[in-house]
Amino acid sequence: MRDLIIIGGGPAGLAAAYAAYEKGVRDILIIERDAKLGGILNQCIHNGFGLHRFGEELSGPEYAGRYIAMLKDTGVEVYSDTMVLELRPDRTVCAVSAARGYVELQAKAIVLAMGCRERTRGAISIPGKRPSGVFTAGAAQRYLNMEGWLCGKRVVILGSGDIGLIMARRMTLEGAKVLACVEVMPYSGGLNRNIVQCLHDFDIPLYLSHTVTDIRGDKRLTGVTVMKVDDRRMPIPGTEMDFDCDTLLLSVGLIPENELTRQAGITISKTNGPVVFDNMETSLPGVFACGNVVHVHDLVDFVSEEAARAGSAAADRIFGKLPGESAVSVLTGNAVSYTVPQYIRDSENEKAVSVSFRVNKVMENVTIEVQGKEKTLCSYKRAHMAPGEMEKIVIPRVLLKNETAVTVAIKE
Amino acid sequence: MYDVLIIGCGVVGAAAAYALSRYDLRVAVIEKENDVAMGASRANSAIIHAGFDPEEGTLDALLNVRGCAMAEELCRRLDVPYKKNGSLVISFSPEEDAAIDRLYARGVANGVPGLRVVGYDELHEMEPNLTPDARKALYAPSAGIVSPWDYALAMAEVAVRNGTGLFLETEVTGAKKSEEGWIIRTNRGDLEARYVVNCAGVHSGEVHDMACPHTFDIIPCKGQYFLLDKSEGAKFTHTLFQCPSKVGKGVLVSPTVHGNLIVGPDAVNVPDPDDTSTTAQQLAFIKRAAAKTTSAVDYRAQIRNFAGVRANNSAGGFIISFGEKGWLDAAGIKSPGLTAAPAIGEYLAELLEKDGLALNPRAGFVDGRKVVRFKELSSEEKNSLIARDPRYGRVICRCETVTEGEIVASTRTEIPARTVDGVKRRTNAGMGRCQGGFCGPRVVEILARESGVEMKDVLKDKTGSYILSEKL
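Now the structure itself:
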């Protein structure tokens, strides 16, 4: 029986390992499917990482490098090039690799840090032909930044998620012509700084409330049709715009990758990630989760922070320090699409609990309220809120004492 | 000079090649695309139909029932994914109840084994996720589900192993009678054969007209589909048809042999036989139509849409006959063509023999095929395989658990995978929920390495479908 197994060696897994080590755990194994640690950060060669965590601007590989350096000489073991095939409810991990073959390993605690995957063309039913030249933004990013291949010369981007925006700039810098970025919603799904730095600075038009309605080409993509959509996101006839392009990049959302989680029978929430307590423990005792496998983050810095909480709680579990029994439910109120965590348990060590969430529309000058049974427990002012930006509030635990459920809501 | 030249390597051409490869003949197949099974054979419902649909006494009925009976043993021998899951034709109204009874009678007349009509309670016990409107159903236990492209590929591979020539990217441009048979003109030069077998699917009309008087029209009929994740496939056991009515044939809902769920198709005649585009309007129609059968499908779990084009024809049924001396058509093979294919292959061999082609057994004919599918192995088998070849320990496709060893193996068969979609059809890599988002770049890398070409020369699918444009 091992102490701690962490599934995934990206930013979440690395930060969870470091936090568990800091808390005294010495038998830690990270299982990573890629040849090296760092996860998706390895292909994110742009800057903007680490402002919160390290107080400076780093590239993705540099950010991962910091954590890999921190883990040096800690004795944390890494199985790279190893794929986890199954997680059993008794915390047995079945994994396979060329080096070790098929192995089954049981641990006192498990941290799930598998990250997320990109939503595809098929998932959103873009009609038309099925030529080559339609890529998820992340796949195009991998070709470009890891293998040194540009996947096309005339590009339309569907979706204004951050990876799509980053790739608009990146492909422009490498000589491709990015004709348009098309977003079905009336607002962007990405960070405002990316809209400015990746689109505006390069004169790439952003078409809000538009979508791709046809894909042409029998072999390679030859063009797409873009149409304006109405309030119900249905294309409006007569608004067709044709673009001649050889490449369509999709940045239409990320989905937490929870096949192992489901297999283990762990409860899944509406974020598509596991339901978690405030210490990031899932419905299966001893199994924790953090990072994009729980909910999709905008900034890696907050992934690290959440992962540190999971790693530290896993250490507590290994050393027999169990959390309280009773739990306060965190519910979603007006304009809030989800919260993480969904449950808060008593804690002797921590005076406050941090709750992350997203809103479902763009709003100005609003108040976030945490409502208890009889009154508003605390509130937080915001000048601007948007679905593309994850929000975080810190609730003093003392306020939760007499509550069984609290609601996070936006007062407009 | 070939004894037999087969035009088209879809499932029918492959079945013809497989049937003829048992005999001491010189046979070749020409195929205009860069892989086999590139038309309707890779874009269909993937159903082995029991055989109650075709009119009693027709050739279609005979070959359907015979093909269905052959499927289980053939798939076992060729290691093709197949499951005899049974089908249900469901009635939703009293008029349809009567139609179900008529289908039952026709099925019995066609010789479909084990048919019976199941009532409301039994039906809903068999399929708990049906709408309450489902009244009763015709149950056909002999129906099944199959991997359609692998069915075609497996038969073609065995034929090639036994000496059949396969010329890919070879398109027929004309045909001319010769002293001993036919000269077939192609973009790669002329080929001569005593017999030509036309298995050109939606193009079989054009090919026929190159050699024979015009006797039939192909009426291309497009069908679109949804393919959904395994979470949805697990909700159903049988292939669920709606009772055919005056309004139309209805759409089917079925688990696939890979565990996914397939919903579709519609049926719309199209002028272009190669028009495999999907449309928002028809996809919406399919969803609405399927809602009559079940409301349990969660379309948020959809993985892909696709369309295939049926070779419907003016003659109504399969056109399997000599169009000229030495020219045998297997034209207009529409549904249930996938099911009937192996029986069509044998029937074509019989017709050629009757016409005077001597069918002497081929010495050293090697039947059968074995494919390593890592995911299906026990832990011990996994370990001994990895010990022998560590590439089986490296998972490339996470969604479907496909290893580098399997991908490499797919590039070394009788008909090796050359494209990313070719690898997908042979190994399932890229078939899952991320649709090759993660494994695509790795598959390109492996294909480039194994075929000794640059990454930019690796194609996604058909000739011209390049993936990468420029090395930086």
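Line by line, the protein sequences give chains A and B. Take 0 as the starting number for the first sequence in numbering that gives the first Met the number 0 and just add one per residue. Take 0 as the starting number for the second sequence in numbering that gives the first Met the number 0 and just add one per residue. We put the beta carbon where it would ideally sit given N, CA and C, even for glycine.
Query: Supposed contact pair P254/B and V308/B - C-beta distance, whole angstroms, cut 8 Å; Result: That belief does not hold up - the Cβ atoms of V308/B and P254/B are roughly 24 Å apart, past 8 Å.
Query: Positions along the region 141-155 of chain A whose CB lies within less than 8 Å of some CB in chain B; Result: R141, Y142, L143, M145, E146, G147, W148, L149, C150, G151, K152
Query: Contact the region 244-255 of chain A vs the region 142-162 of chain A: 3+ CB pairs below 8 Å; Result: yes
Query: Beta-carbon separation (whole angstroms), V335/A vs F356/A, contact threshold 8 Å; Result: 5 Å
Query: Chain A residues whose Cβ lies nearer than 7 Å to that of P439/B; Result: This sequence places Gly at residue 439/B; Pro is not what is there. Ordered by position in chain A, the residues that pass the 7 Å Cβ test against G439/B are A138.
Query: Runs of alpha helix (DSSP H) lying entirely within the region 114-159 of chain B, each at least 4 residues, in chain order; Result: 119-125
Query: Sequence-distant residues of the same chain with beta carbon closer than 8 Å to S377/B, five excluded per side; Result: none
Query: Sub-8 Å separation of I89/B and A136/B beta-carbons; Result: yes
Query: Integer Cβ distance of L227/B from T238/B, believed to fall under 8 Å; Result: The Cβ separation is near 15 Å, so there is no contact.
Query: Residue range of the unbroken beta strand (DSSP E) whose run includes P264/B; Result: Here P264/B belongs to no beta strand (DSSP E), and DSSP marks it neither H nor E.
Query: Every unbroken alpha helix (DSSP H) within the region 144-230 of chain B, with a cutoff of 4 residues, ordered by chain; Result: 147-160, 203-210
Query: Same chain, Cβ closer than 8 Å to I218/B, five either side skipped, listed in chain order; Result: N268, N311, N312, S313
Query: Residues near D277/A in its chain [Cβ-Cβ closer than 6 Å; skip 5 each side]; Result: P340, I343, V352
Query: Cα-Cα separation between E182/A and A16/B, rounded to whole angstroms; Result: 50 Å
Query: Per-residue DSSP class, three states only, for D271/B; Result: coil
Query: Proximal residues of chain B, C-beta to C-beta of S131/A below 8 Å; Result: L458, K459, D460, S464, Y465, I466
Query: Stretch pair the region 60-77 of chain A + the region 40-51 of chain A: three plus CB contacts closer than 8 Å; Result: yes
Query: DSSP three-state assignment for F51/B, whether helix, strand or coil; Result: coil
Query: Terminal residues of the beta strand (DSSP E) in which P254/B lies; Result: 251-254
Query: Other residues of its chain near N364/A: CB distance less than 7 Å, five sequence neighbours each side excluded; Result: A382
Query: Near-chain B residues of the region 196-218 of chain A (beta-carbon distance less than 9 Å), N- to C-terminal order; Result: T212, D213, I214, R215, G216, D217, K218
Query: D297/A versus D161/A, G137/A, R141/A, E61/A, residue with shortest Cα-Cα distance; Result: D161/A
Query: Identity of the residues DSSP links to A108/A by a beta bridge; Result: L3/A
Query: Assigned exposure category for E55/B - 16 Cβ within 10 Å defines buried; Result: exposed
Query: Endpoints, the alpha helix (DSSP H) within which E72/B is located; Result: 58-77
Query: 8 Å Cβ cutoff, L84/A in contact with chain B; Result: yes
Query: Local Cβ density within 10 Å of I254/A, reported as buried at 16 or more and exposed below that; Result: buried
Query: Whether A290/B touches L4/B by CB criterion (8 Å); Result: no
Query: Cutoff 8 Å: A295/B Cβ touching any chain A Cβ; Result: no
Query: Segment contact flag, the region 371-390 of chain A with the region 184-193 of chain A, C-beta cutoff 8 Å, min 3 pairs; Result: yes
Query: Helix, strand or coil at Y186/A according to DSSP, with G and I counted as helix; Result: coil
Query: Under the three-state DSSP convention, the category K245/B falls into; Result: coil
Query: Residues that F201/A bridges to, as DSSP identifies them; Result: The partner list for F201/A (beta bridge, DSSP) is empty, contrary to what the question assumes.
Query: Residue of V361/A, E324/A, R316/A, E402/A minimising C-alpha distance to D2/A; Result: R316/A
Query: Chain A residues whose Cβ lies nearer than 9 Å to that of G392/B; Result: D80, T81, M82, V95, S96, A97, A98, R99, G100, Y101
Query: Below-8 Å beta-carbon distance, T255/B vs any chain A residue; Result: no
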